[in-house]
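In what follows, a structure is listed as structure tokens, so that the remarks can point back to it.
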Amino acid sequence: MVDCIALVVAAGTGERFGGAVPKQYRPVNGEPMARRTVRTLLSHPKVDGVLVVINGQHRSHYDQALGDLPLLPPVTGGASRQESVCRGLEALTGDPPNRVLIHDAARPFVDMDTIDRVVTALDTDPAAIAAIPVTDTLKRETDGCIGETVDRAGLWRAQTPQGFRFAPILEAHRQAAGLALTDDAAVAERAGIRVRLVPGSRSNVKVTTTEDLPEAAGRSSDPAWRVRVGTGYDVHRFAPGDAVILCGVTLPHTARLAGHSDADVGLHAVTDAILGALADGDIGSHFPPTDPQWKGADSAMFLRHAVELVTARGGQIGHVDVTLICERPKIGPHRPAMRQRMAELLGTDPGAVSVKATTTERLGFTGRGEGIAAQAAATLYLP
Ligand code: MG
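Basically the numbering used here = 1-based index in the sequence shown + 49.
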């Protein structure tokens, strides 16, 4: 018989979060949130297996973020968190464990000690949850003003993991079907199960909105992820022609940019910024201008190559910021298309891609209209 299974609840829609990628699969410190959560549980010596309850719409996100990990087959959740947990528990009845830890995917900074305290408490108690004593002074509101100050003595904030002997929590969940209880401890309490409080951790925060992300990442004591910043700079001269390619977008103009490749200064500067953050040479060392195979090349391939190097190192791109320096053509109208195109190439959200433009007040070579310069910065998360 398996002793302890961790059930990770990742079935929410993440509606409060916005964005194309659901909250539980968004990167935190460069790693999808659910993956980080699951990896911590998997690595705990007292956890024998992990089952993730997912939203049926998120299967491809799950496969991409967690598909390579040795997990039990995922289970599709229900309309509420409570129903999702119940479905997860039912999926374990074929080979029921002694104990189950129920944990929110949105608490990616759960630490080994907290898991240990919850699992160990189950040696003597039928149920135990991680929780921390309330330290803020609590007010009860009446018509927008303080009605009273609530005595905080004895008040705790419930976290997850919440641990239970399997058979009683399964039965308690079956009995509680259709109710709206906000955590599994409440399901247990209703069934008369005594729930032990064990110390959680202040860094075990629940990521609810995007505002929580920097705070959550900042609180992580995990030294495994490092932020790297790189910069890039490039110049190409004008030559007779009728269009320039900037940041992957073709702009009609009274000249073209000359170069060995398509002379996209924007993508070249961004590629160099990423290579700089990797401390892995520059665009010329990866794609020598003496090599005829890059003649007229679409610069998208240079950027893709840099992104592949980041991925190969297990890293992730945080953001990119590029400034195009020229008097003409006007950049502003093309900015959304440039951000969109670079986001595609970088595999990020357009919100993580900035395009800026400036003139040099007709001073210098850009001011005289002899060419276009670009400078860029990129941040990466590297393990
Ligand atoms: Mg160049």
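Using N, Cα and C, we set each Cβ at its ideal position, and we do this for glycine too.
DSSP state of V256 mapped onto helix, strand, coil: The sequence position of residue 256 within the sequence shown is 207, counting from 1. In this structure, V256 counts as coil in the three-state DSSP scheme.
Span separating the alpha-carbon of A349 from that of R377: On the sequence shown, residue 349 is found 300 positions in, with the first residue counted as 1. On the sequence shown, residue 377 is found 328 positions in, with the first residue counted as 1. Spanning the two alpha carbons is a distance of roughly 23 Å.
Proximity test, H317 beta-carbon vs the ligand SAM heavy atom, cut-off 6 Å: What this structure holds is the ligand MG, not the ligand SAM.
8 Å CB neighbourhood of R136 in its chain, flanking five on each side removed: Your numbering for residue 136 matches position 87 in the sequence shown. If we look at R136 and ignore the five residues flanking it on each side, its Cβ neighbours are V102, V124, T125, G126, G127.
Any non-hydrogen atom of the ligand MG within 6 Å of D39 CB: Beyond the ends of the chain as shown, which are 50 and 432, falls residue 39; an answer cannot be given.
The stretch 317 to 326 contacting the stretch 350 to 357, beta-carbon criterion three pairs below 8 Å: Output reads yes: the stretch 350 to 357 touches the stretch 317 to 326.
Euclidean distance between Cα positions of T206 and G396: Translated into the one-based positions of the sequence shown, residue 206 becomes position 157. Translated into the one-based positions of the sequence shown, residue 396 becomes position 347. The amino acid occupying residue 206 in the given sequence is Arg; Thr does not appear at that position. Near 38 Å, if we compare the C-alpha coordinates of G396 and R206.
Residue range of the unbroken alpha helix (DSSP H) whose run includes I421: Within the sequence shown, residue 421 is the residue found at index 372, counting from 1. Per DSSP, I421 belongs to no alpha helix (DSSP H); it is in the beta strand (DSSP E), 420 to 431.
Run of the alpha helix (DSSP H) containing P385, from where it starts to where it stops: Mapped onto the sequence shown, residue 385 falls at position 336. For P385, the enclosing alpha helix (DSSP H) stretches over residues 384 to 395.
Those runs of the alpha helix (DSSP H) which lie wholly inside the stretch 288 to 354 and span at least 4 residues: 314 to 327, 332 to 335
First and last residue of the uninterrupted beta strand (DSSP E) at C194: Residue mapping note: residue 194 aligns to position 145 of the sequence shown, counting from 1. Here the beta strand (DSSP E) through C194 covers 194 to 199.
G315 versus S334: straight-line alpha-carbon distance, rounded: As a position in the sequence shown, residue 315 is number 266, starting the count at 1. As a position in the sequence shown, residue 334 is number 285, starting the count at 1. For G315 and S334, the distance between alpha carbons rounds to 18 Å.
The stretch 157 to 168 in contact with the stretch 137 to 145 per 3-pair CB rule at 8 Å: no
Coil, strand or helix - P399 by DSSP: By one-based count along the sequence shown, residue 399 stands at place 350. Helix, per DSSP.
Residue from G330, V319, I332 whose Cα sits closest to the Cα of M387: Counting from 1 along the sequence shown, the entry for residue 387 is found at position 338. Selection G330, V319, I332 evaluated against M387 yields V319 as nearest (Cα-Cα).
A425 and L373 closer than 7 Å at C-beta: What you label residue 425 is simply residue 376 of the sequence shown in a count that begins at 1. What you label residue 373 is simply residue 324 of the sequence shown in a count that begins at 1. Taking 7 Å as the Cβ cut-off, A425 and L373 do not qualify as a contacting pair.
Buried/exposed call for G249, threshold 16 Cβ in 10 Å: To locate residue 249, count along the sequence shown from 1; it is residue 200. With 16 or more Cβ atoms within 10 Å of its Cβ, G249 is classed as buried.
Distance between beta carbons of Q208 and I181, contact taken as under 8 Å: Sequence index remark: in the sequence shown, residue 181 carries index 132 (1-based). Sequence index remark: in the sequence shown, residue 208 carries index 159 (1-based). Between I181 and Q208, the beta carbon gap of about 7 Å places them in contact (Cβ cut-off 8 Å).
Cutoff 6 Å; reference G61; Cβ partners in own chain excluding five residues on either side: For the purposes of this step, residue 61 is taken as the residue at position 12 of the sequence shown. Once the five neighbours on either side are set aside, G61 has no close Cβ partner at all.
Other residues of its chain near E419: CB distance less than 8 Å, five sequence neighbours each side excluded: In the sequence shown, residue 419 corresponds to position 370, counting from 1. The answer, listed in chain order, is R286, F287.
Distance between T89 and P432 (C-alpha atoms, nearest Å): Working through the sequence shown from its first residue, we reach residue 432 at position 383. Working through the sequence shown from its first residue, we reach residue 89 at position 40. Straight-line Cα distance between these residues: approximately 15 Å.
Cβ distance (whole Å) where V183 is taken to contact L204 below 8 Å: Mapped onto the sequence shown, residue 183 falls at position 134. Mapped onto the sequence shown, residue 204 falls at position 155. Between L204 and V183 the Cβ distance is about 4 Å, and since that is below 8 Å, they are a contact.
Under 7 Å between C-beta atoms of A179 and A170: If you number the sequence shown from 1, residue 179 lands on position 130. If you number the sequence shown from 1, residue 170 lands on position 121. The answer is no: Cβ separation not under 7 Å.
For R275 and A361, the rounded distance between their alpha carbons: Against the sequence shown, residue 361 aligns to sequence position 312. Against the sequence shown, residue 275 aligns to sequence position 226. Near 16 Å, if we compare the C-alpha coordinates of R275 and A361.
7 Å Cβ cutoff met for Q389 and P76: For this step, residue 389 is matched to residue 340 along the sequence shown. For this step, residue 76 is matched to residue 27 along the sequence shown. No, Cβ-Cβ distance for Q389 and P76 is not below 7 Å.
Residue closest to H110, alpha-carbon to alpha-carbon, out of F414, S403, A427, V70: One-based indexing of the sequence shown puts residue 110 at position 61. Per the Cα distances, V70.
Cross-strand partners of V404 (DSSP beta bridge): Residue mapping note: residue 404 aligns to position 355 of the sequence shown, counting from 1. Per DSSP, V371.
Whether P210 touches P175 by CB criterion (7 Å): Sequence index remark: in the sequence shown, residue 210 carries index 161 (1-based). Sequence index remark: in the sequence shown, residue 175 carries index 126 (1-based). No, they are not a contact pair.
Pair within 7 Å by beta-carbon distance, I242 and P146: In the sequence shown, counting from the first residue as 1, residue 242 sits at position 193. In the sequence shown, counting from the first residue as 1, residue 146 sits at position 97. Cβ distance not < 7 Å, so I242 and P146 don't count as in contact.
M391 classed as buried or exposed, judged by whether at least 16 other C-beta atoms fall within 10 angstroms: Within the sequence shown, residue 391 is the residue found at index 342, counting from 1. By the neighbour-count rule (16 or more Cβ atoms within 10 Å), M391 is buried.
For V87 and L56, believed in contact at Cβ under 8 Å, the rounded distance: Here residue 56 is taken as the residue at index 7 of the sequence shown, counted from 1. Here residue 87 is taken as the residue at index 38 of the sequence shown, counted from 1. Between V87 and L56 the Cβ distance is about 11 Å, and since that is not below 8 Å, they are no contact.
Alpha helix (DSSP H) segment containing F414, residue limits: Against the sequence shown, residue 414 aligns to sequence position 365. Unbroken alpha helix (DSSP H) run through F414: 413 to 416.
Nearest-angstrom Cβ-Cβ length linking H309 and D291, presumed shorter than 8 Å: Taking the first residue of the sequence shown as 1, we reach residue 309 at position 260. Taking the first residue of the sequence shown as 1, we reach residue 291 at position 242. Not really, about 20 Å apart at Cβ, beyond 8 Å.
Proximal residues to D232 (C-beta, below 6 Å), its chain only, five neighbours per side dropped: Taking the sequence shown and counting its residues from 1, the one referred to as residue 232 is at position 183. Here the set comprises A207.
Assigned secondary structure, A177 (DSSP; H/G/I helix, E/B strand, else coil): Translated into the one-based positions of the sequence shown, residue 177 becomes position 128. In this structure, A177 counts as strand in the three-state DSSP scheme.
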